[in-house]
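Taking it in order: structure first as structure tokens, then the write-up.
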Amino acid sequence: MSNPTKESATALQTGLNPEPPFTKASLSDVILRSSDGVDFYVNRAVLSLVSPVFETMFSLPQTEGNSTIPVVDVQEDSELLDRALRFFYPGTQLLLQTLDDAIEVFRVLLRKYDMQCLVPAARNHLEAYITSSPVSVYALALAYQWEDIAKAAATQSLKSPVLHVKASRALDLISGSEYQNLLWYHRRCGAAAKATTTKMRWITFNYETWFTCDTCSYHSTRTLADASTYPCRKWFMEFLLGMGELLARTPKMGIRSHRLFTKAVAEASQCAHCRTHNPFEQLANFVSIWENRIITEVAKVREAPRLLLNLVS
């Protein structure tokens with residue numbers, strides 16, 4: 571630790587201006603000076619409680635007879651240091667606005683300063699991004715070996731095309747093999763979801779209009795759960811197979827909210843026979859059963875490579 575001089579701090583400062591409580595010199599006993607020359611007035615006891623690195627540093631003998639507050643020069647710039655301190659320091663508000671912010675703050679707190687007591691808070695913060703950024707969360711969770719979060723993120727990633735994900739700094743934290751394993755899992759789940767549109771033995775015949783109508787154009791014959799074959803209407807099979815191609819890329823997409831569902835209902839409603847059987851209600855009920863079937867089939871994708879850390883076990 572070094573001793574501060576007003577002139578040197580002023581000359582070097584190029585970053586943000588700290589806000590309370592990091593400006594209260596009278597209540598502090600150490601200064602953290604950022605790489606861009608900004609001084610953060612903090613308390614040793616707080617830092618020592620959360621970080622064995624700081625605890626060891628502050629336990630070293632200090633120069634006697636020096637009445638000035640000691641300074642610890644750190645490599646982080648003022649913005650990063652401010653965000654990191656606000657993650658745990660009493661009387662502050664968390665300022666992590668993006669997942670990239672969290673990546674840097676986690677690196678500083680959990681790895682550099684070994685603040686393992688903050689892991690529960692870091693996990694909770696990361697879980698908030700599972701819905702919006704599942705691939706990035708998967709990568710960050712793998713980097714810290716939080717396997718339950720990585721598993722949840724991998725499952726959530728099935729709701730969007732994984733190859734269309736924007737580049738993320740989180741992917742730099744994992745190996746190419748680990749990312750390939752996520753792609754492998756996504757591809758296998760996509761194949762399982764698509765198979766529900768070509769292997770229809772799971773469908774029970776309940777006199778739905780797409781099996782019984784004699785007016786609509788015929789597409790093909792399919793074998794259902796009772797091992798009998800049934801003629802399928804063209805509009806239904808185009809809907810089913812069209813969704814199958816989409817499910818191969820997005821295994822857990824919302825089927826009912828897709829335009830192909832609306833198109834199928836519209837085409838069925840043009841038929842005098844089909845519209846008397848409420849095609850919207852029939853197809854909506856079928857989709858509910860179908861989506862549950864997809865969940866069941868996707869859950870069977872378990873033979874993941876070792877590097878996936880048992881995410882689908």
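If you read the sequence shown in the working numbering, its first letter stands for residue 571, the second for the next number, and so on.
Positions of the beta carbon are idealized from the N, C-alpha and C atoms, including for glycine.
Query                                                                                                                                                                       : Result
How is His847 classed by DSSP in three states: helix, strand or coil?                                                                                                       : coil
Does the beta-carbon of Leu810 have 16 or more other beta-carbons within 10 angstroms, so that it is buried, or is it exposed?                                              : buried
Going by DSSP in three states, Cys687 sits in which element: helix, strand or coil?                                                                                         : helix
Which same chain residues, not among the five before or five after Ser790, have their C-beta less than 7 Å away from its C-beta?                                            : Cys802, Met807
Could you give the distance in angstroms between the alpha-carbon of Thr701 and the alpha-carbon of Ala842?                                                                 : 42 Å
Give a yes or no on contact between the stretch 585 to 605 and the stretch 642 to 651, applying the rule of three or more CB pairs nearer than 8 Å.                         : yes
Which residues in the same chain as Phe775 place their Cβ atom closer than 8 Å to its Cβ, once the five residues preceding and following it in sequence are excluded?       : Phe781, Leu794, Ala795, Asp796, Ser798, Tyr800
Do you know whose CA, among Glu867, Ala722, Ser598, Ser605, lies nearest Gly760's CA?                                                                                       : Glu867
Should Ala615 go down as buried or exposed, given a rule of 16 or more other Cβ atoms within 10 Å for buried?                                                               : exposed
Taking the alpha helix (DSSP H) that Phe628 belongs to, which residues open and close that run?                                                                             : 622 to 629
Name the two residues that bound the continuous beta strand (DSSP E) containing Arg803.                                                                                     : 799 to 803
Just verifying my parser: in three-state terms, what is the DSSP assignment at Phe806?                                                                                      : helix
Taking 9 Å as the threshold (C-beta atoms), are Lys729 and Met542 in contact?                                                                                               : Because residue 542 is not part of the residues shown, which for the chain are 571 to 883, the question remains open.
Could you check the C-alpha separation between Ile773 and Glu837 for me, to the nearest Å?                                                                                  : 22 Å
Can you tell which of Ala711, Ser596, Ser787, Pro690 has the C-alpha that lies nearest to the C-alpha of Gln840?                                                            : Ser787
Which stretch, first to last residue, makes up the beta strand (DSSP E) that contains Ile601?                                                                               : 600 to 603
In the DSSP assignment, find the alpha helix (DSSP H) that holds His734 and state where it starts and stops.                                                                : His734 -> no alpha helix (DSSP H), and no H or E assigned at all.
Drop a sphere of 10 angstroms on the beta-carbon of Cys783, count the other beta-carbons inside from all chains shown, and report buried for 16 or more, exposed for fewer. : buried
Measure the alpha-carbon distance for Thr785 versus Arg845 and round it to whole angstroms.                                                                                 : 11 Å
Could you give the DSSP three-state label for His511: helix, strand or coil?                                                                                                : Outside the shown range of the chain, which is 571 to 883, sits residue 511, and nothing can be said about it.
Going by beta-carbon coordinates alone, are Leu710 and Leu679 separated by less than 9 Å?                                                                                   : no
Tell me whether Ser621 is buried or exposed, calling it buried when 16 or more other Cβ atoms sit within 10 Å of its Cβ.                                                    : buried
Along the chain, where does the beta strand (DSSP E) that runs through Val612 open and close?                                                                               : 609 to 612
Does DSSP put Asp643 in a helix, a strand or coil?                                                                                                                          : strand
Give the range of the alpha helix (DSSP H) segment to which Ser839 is assigned.                                                                                             : 829 to 839
Alpha carbon to alpha carbon, what distance is there between Val735 and Val644?                                                                                             : 35 Å
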